[in-house]
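Report on one structure; see the data block that follows.
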Amino acid sequence: MLSTIDPTTLDANTAEQVAAQLDAGAFALPNSLLQALQEILAELRAGNEVTVMSSSAVLSTAEAAELLNVSRPHVVKLVDDGSIPHHKAGSHRRIALADVLAFKVHRDEESRAALAEIQQLADETGMDL
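If you count by the numbering used here, then the sequence shown holds residues 2 to 130, one letter each, in order.
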């Protein structure tokens, strides 16, 4: 399942009203669902597009690129070099959402570690970043 909401002003106003009801405890919902709804509503109120996907979703290279905020050719390279697992449907590469998200988490962790190392080197040498 893939569902994208591109909010109109009316949607943003409705999201504001629903968020107020959620905050007031008007609905008896499990905390995990309540938190997810609050995050979605916050994005809609801010006028941001929200995409909801099933954890079993399978993405094209273009969809994976959009999620990772990189180009489609870069995703093709990552898939072809084995950095992101995939399967083929005919001649098309298909990537499990879970694999894209796992790659994203790993990439983000590596970026944070590299930044921490740069900061440590800057501190040791007295440089300001």
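Note that the Cβ used here is the ideal one computed from N, Cα and C, for glycine as well.
Secondary structure, beta strand (DSSP E): runs of 3+ residues fully inside the region 32-75 = 51-54
From E132 to E125, what distance separates their C-alpha atoms?
-> This structure cannot settle anything about residue 132, because the visible part of the chain is limited to 2 through 130.
Is DSSP giving I85 helix, strand or coil here?
-> coil
Please say whether D100 and I85 have beta carbons closer to each other than 8 Å?
-> yes
Once you ignore the five residues that flank I79 on each side, which residues in its own chain have a CB closer than 6 Å to its CB?
-> The question names Ile, but residue 79 is Leu in the sequence shown. Correct list, in chain order: I85.
Which residues in the same chain as D129 place their Cβ atom closer than 8 Å to its Cβ, once the five residues preceding and following it in sequence are excluded?
-> A123
When you compare each of A66, D82 and R46 to L102 by their alpha carbons, which one comes out closest?
-> A66
Using alpha carbons as the reference points, say which of L30, L38 and Q120 lies closest to Q18.
-> L38
Based on the DSSP output, what are the partners of H93 in its beta bridges?
-> A90
Report yes if the C-beta distance between L35 and A13 is below 8 Å; otherwise report no.
-> no
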